[in-house]
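If you want my numbering, it's the position in the sequence shown, counting the first as 1, plus 6. All C-beta atoms, glycine included, are put in the ideal place defined by N, C-alpha and C.
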Amino acid sequence: MGEIFYPKKELFPYAKFKSMGDYWELVERFKRDYEGTWEAFAREKIDWFQLFDYPLDKSNAPFYKWFVNGKLNVTYQCIDRHLKDKKNKVAILWEGDNGEKRAITYLELYREVSRFANMLKDLGVKKGDRVVIYMPMIPEAVFAMLAVARIGAVHSVVFGGFSAEALKDRILDAQAKIVITADGAYRKGRPYMLKPVVDEALKGVDIVEKVVVVERNGEDICWVKGRDISYNELISNYPDTSQPEVMDSEDPLFLLYTSGSTGKPKGVQHSQAGYILWAQLTMEWVFDIQPNDTFWCTADIGWITGHTYIVYGPLASGATTLMFEGVLTYPDPGRGWRMVEEYQVNQFYTAPTAIRLLHKLGPDEPDKYDLSSLRILGTVGEPIDPPAWKWYYQKVGRGRCSIVDTWWQTETGGHMISPLPAATPVKPGSATFPLPGIFAEIVNENGEKAPVGEKGLLVIKKPWPSMIRTIWGDPDRFIQSYFSRVKIDGKPVYFSGDGAIYDEDGYIWITGRVDDVINVSGHRLGTAEIEAVIKKHPAVAEVAVVGRPDEIKGESIFAYIVLKGEDTIGEEMELVQEINQIITKEIGAIAKVDNFAFVPGLPKTRSGKIMRRILRAIAKGEEIKQDTSTLENPQIVEAIIQIVQKGS
Ligand code: PRX
Numbered sequence: 007m008g009e010i011f012y013p014k015k016e017l018f019p020y021a022k023f024k025s026m027g028d029y030w031e032l033v034e035r036f037k038r039d040y041e042g043t044w045e046a047f048a049r050e051k052i053d054w055f056q057l058f059d060y061p062l063d064k065s066n067a068p069f070y071k072w073f074v075n076g077k078l079n080v081t082y083q084c085i086d087r088h089l090k091d092k093k094n095k096v097a098i099l100w101e102g103d104n105g106e107k108r109a110i111t112y113l114e115l116y117r118e119v120s121r122f123a124n125m126l127k128d129l130g131v132k133k134g135d136r137v138v139i140y141m142p143m144i145p146e147a148v149f150a151m152l153a154v155a156r157i158g159a160v161h162s163v164v165f166g167g168f169s170a171e172a173l174k175d176r177i178l179d180a181q182a183k184i185v186i187t188a189d190g191a192y193r194k195g196r197p198y199m200l201k202p203v204v205d206e207a208l209k210g211v212d213i214v215e216k217v218v219v220v221e222r223n224g225e226d227i228c229w230v231k232g233r234d235i236s237y238n239e240l241i242s243n244y245p246d247t248s249q250p251e252v253m254d255s256e257d258p259l260f261l262l263y264t265s266g267s268t269g270k271p272k273g274v275q276h277s278q279a280g281y282i283l284w285a286q287l288t289m290e291w292v293f294d295i296q297p298n299d300t301f302w303c304t305a306d307i308g309w310i311t312g313h314t315y316i317v318y319g320p321l322a323s324g325a326t327t328l329m330f331e332g333v334l335t336y337p338d339p340g341r342g343w344r345m346v347e348e349y350q351v352n353q354f355y356t357a358p359t360a361i362r363l364l365h366k367l368g369p370d371e372p373d374k375y376d377l378s379s380l381r382i383l384g385t386v387g388e389p390i391d392p393p394a395w396k397w398y399y400q401k402v403g404r405g406r407c408s409i410v411d412t413w414w415q416t417e418t419g420g421h422m423i424s425p426l427p428a429a430t431p432v433k434p435g436s437a438t439f440p441l442p443g444i445f446a447e448i449v450n451e452n453g454e455k456a457p458v459g460e461k462g463l464l465v466i467k468k469p470w471p472s473m474i475r476t477i478w479g480d481p482d483r484f485i486q487s488y489f490s491r492v493k494i495d496g497k498p499v500y501f502s503g504d505g506a507i508y509d510e511d512g513y514i515w516i517t518g519r520v521d522d523v524i525n526v527s528g529h530r531l532g533t534a535e536i537e538a539v540i541k542k543h544p545a546v547a548e549v550a551v552v553g554r555p556d557e558i559k560g561e562s563i564f565a566y567i568v569l570k571g572e573d574t575i576g577e578e579m580e581l582v583q584e585i586n587q588i589i590t591k592e593i594g595a596i597a598k599v600d601n602f603a604f605v606p607g608l609p610k611t612r613s614g615k616i617m618r619r620i621l622r623a624i625a626k627g628e629e630i631k632q633d634t635s636t637l638e639n640p641q642i643v644e645a646i647i648q649i650v651q652k653g654s
């Protein structure tokens, strides 16, 4: 299936995997000695304060423990240990939306993080406390994450696009003591505000003792006496040295909320040692990070990609990480390519949705820039369609760079399935093979390996160091979400929620979620979560939300709505606006519905279950192949089809 592209090996003289032979050798080593091989990597790569006793404790599966009794601090791994030989190397390069520039060396990073850590301690933050970070893309956001980790507290970064309600839910769920935010930031040449969202979120919340505010754009904000603290005014009072807290391998490092198929977003909990080990190893294996490289991941730090590949992975590797505020398409669609040229970026990592947008807005824009520093182009977040892949390969990579299509999730902490840039022959649209040490497999509902060409469920058969440890405060939901659907030899294995297919060469093709999760511009949104919010509108009786393929966003949100009474008929335009206002308020603009269909009823089974498969097919304009005669109300299907056809 598909065309094959081979790596230009001369670009990767120092690669860890120079051929598929190197890849298979390590895969085999893991097969022969799983725990011993992980142990060897953990010994080699982590600067331990105290070496672990043994690599893996399976006694309380699926609550696995890695590198048992090891002691470390991830900020020591990311900063202190580099002070010996890289103190004046740039750790973070930053460019603002307004063109402002900053370069922060490892020594400066050490000082900034130390001051911030000292400030947090002074504010009463202790080991294990949760700190919510609601920040724009400025270096202080990274200082904040590392300062929290340095003192042994647990950060929960909330994406700056989430609304006050969504922020409040996350603050309450994590029982956060401190919130770190900024007055605002800039986007597309205009200031926008964050602090008022925090003020709104904290109404009626009494657990948050202090709000630390970084003054980024200097707009007027309201200061709550006794609660709000100006970072800019106070930070210079704190000493610029600090000792990292001694952490156990398994102490929680951070929570990151993500959507599931049911209920509210869940706080995915990651650990210290396993997470940092894999963040660092994947930087070497997948991104071939070399001492003089400048690495650019365009994600927001509010998502796992930003955590692992803007902050922890690059810094643990002692690399220079480029971070930017704003968007790739402002002031013009060449901004990203100009930045690649200006900062001589070696690895560029972005999402298919961004690639499609850049392609659409400036198909020849890359030609205007010198992109010869690039070796690797990465993609993540959703399947990449071959046309977008080819444009990326030809126009941006000039047919020489390797493309790494990395499949992974908030829960996996780092890459799971990906090409190796100097070794793997790639097929556009396939994430290729599992990384060594990752026992990913496509199986059927009975846990048997799926035959070639048949869609199955993507599982990971063995635990791995950077895996999710639990869902914060809800261990039952952790088991239910990931370790209940698929069993192999009677034992539950990690189920990703994704479907996938093997081709005849064993390549893995991810087909997308098989649960009720929609992927909009690479962001996960649960249909249940959106439906619960839409139901808050007084005119709505019933609602079902599904994903519909979208040229740029991958998927867009399609809502079927049954209204309560006749009196709202004819007022649909107003309702559309009102419903989207509620969504923006309760979740954030990313969850806005793109298509509405006001329908007389929803297709249901006799037991009352909504048949989403039918609704998905209608939204896509597909023929209904399913037998509808078993439905409680088969005639509704034709009525819905007509309404949708009329509307589009
Ligand atoms: O459906 C898969 C899709 O994104 C989901 C994970 O979303 P999230 O936890 O928000 O993390 C995104 C960034 C790691 C997966 O379940 N996904 C991620 N990468 C790919 C992908 N689908 C296809 N190909 C990928 N490379």
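Inter-residue Cα distance where the pair is Asp-338 and Gly-332: 12 Å
Nearest residue (CA-CA) to Thr-412, options Tyr-355, Gly-210, Asp-370 and Val-449: Tyr-355
Supposed close pair Val-351, Leu-380 - CB separation, criterion 8 Å: Taking a contact as a CB-CB distance under 8 Å, the pair Val-351 and Leu-380 counts as one, their CB atoms being some 6 Å apart.
Whole-number beta carbon distance between Asn-639 and Lys-610, since they are thought to touch under 8 Å: 6 Å
Lys-493 versus Thr-416: straight-line alpha-carbon distance, rounded: Looking at the two C-alpha atoms, the distance is approximately 22 Å.
Shell residues, 7 Å Cβ cut-off relative to heavy atoms of ligand 3: Absence of ligand 3 from the depicted structure is noted, with ligand 1 being the only ligands included.
Exposure label - Cys-228; buried when at least 16 CB within 10 Å: exposed
Spatial distance of Ala-48 from Gln-278 (CA atoms): 12 Å
His-365, DSSP secondary structure in three states: helix
Inter-residue CB distance, Lys-51 and Ala-428 (contact presumed, cutoff 8 Å): Actually they are not in contact, since the Cβ atoms of Lys-51 and Ala-428 sit about 20 Å apart, beyond 8 Å.
Phe-36 - containing alpha helix (DSSP H), residue span: 26-38
Residue closest to Val-458, alpha-carbon to alpha-carbon, out of Pro-425, Ser-490, Asp-482 and Asp-509: Asp-509
Cα-Cα separation, Arg-38 to Pro-471: 18 Å
Contact the segment 548-568 vs the segment 618-626: 3+ CB pairs below 8 Å: yes
Backbone secondary structure at Gly-405 - three-state DSSP: Reduced to three states, the DSSP call for Gly-405 is coil.
Nearest to Leu-287 (by Cα), restricted to the options Val-211, Gly-420 and Gly-266: Gly-420
Asn-124 - partner residues in DSSP beta bridges: Partner residues in a beta bridge of Asn-124, as assigned by DSSP, do not exist.
Identity of the residues DSSP links to Glu-447 by a beta bridge: Its beta-bridge partners are Val-465.
Separation of Lys-396 from Phe-73, as counted between CA atoms: 42 Å
Neighbourhood of Ala-150 by C-beta, 6 Å cutoff - its chain only, sequence neighbours within 5 removed: Ile-139 and Ile-186
CB contact flag (Phe-11, Val-432, <8 Å): yes
Touching by the beta-carbon criterion (3+ pairs, under 8 Å), the segment 303-315 and the segment 202-209: Because the criterion of three Cβ pairs below 8 Å is not met, the segment 303-315 and the segment 202-209 do not touch.
Nearest-angstrom Cβ-Cβ length linking Ile-536 and Ile-563, presumed shorter than 8 Å: 7 Å
Beta-carbon gap between Val-219 and Asp-189 smaller than 8 Å: Contact: yes.
The segment 58-65 contacting the segment 29-44, beta-carbon criterion three pairs below 8 Å: yes
Bridge-paired residues (DSSP) for Met-329: Bridge partners of Met-329: Trp-100.
With 16 other Cβ atoms within 10 Å as the buried cut-off, status of Pro-695: Limits of the chain in this structure are 7 at one end and 654 at the other, which puts residue 695 out of reach.
Residue from Val-164, Glu-290 and Glu-171 whose Cα sits closest to the Cα of Gln-587: Distances from the alpha-carbon of Gln-587 to those of Val-164, Glu-290 and Glu-171 put Glu-171 closest.
For Thr-438 and Met-26, the rounded distance between their alpha carbons: 12 Å
Same chain, Cβ closer than 8 Å to Val-643, neighbours up to 5 away in sequence not counted: Pro-609, Ile-620, Ile-624, Ile-630, Thr-634 and Leu-637
Contact check, Leu-426 vs Val-449, beta carbons under 8 Å: When the beta-carbon positions are compared, Leu-426 and Val-449 stay at least 8 Å from each other.
Where Met-579 falls, given that 16 or more other Cβ within 10 Å makes a residue buried: exposed
Whole beta strand (DSSP E) elements within the segment 64-108, 3-residue minimum: 71-74 and 96-101
Limits of the unbroken alpha helix (DSSP H) element including Pro-606: Premise fails: Pro-606 is in no alpha helix (DSSP H) and is neither H nor E.
The segment 110-130 in contact with the segment 151-162 per 3-pair CB rule at 8 Å: yes
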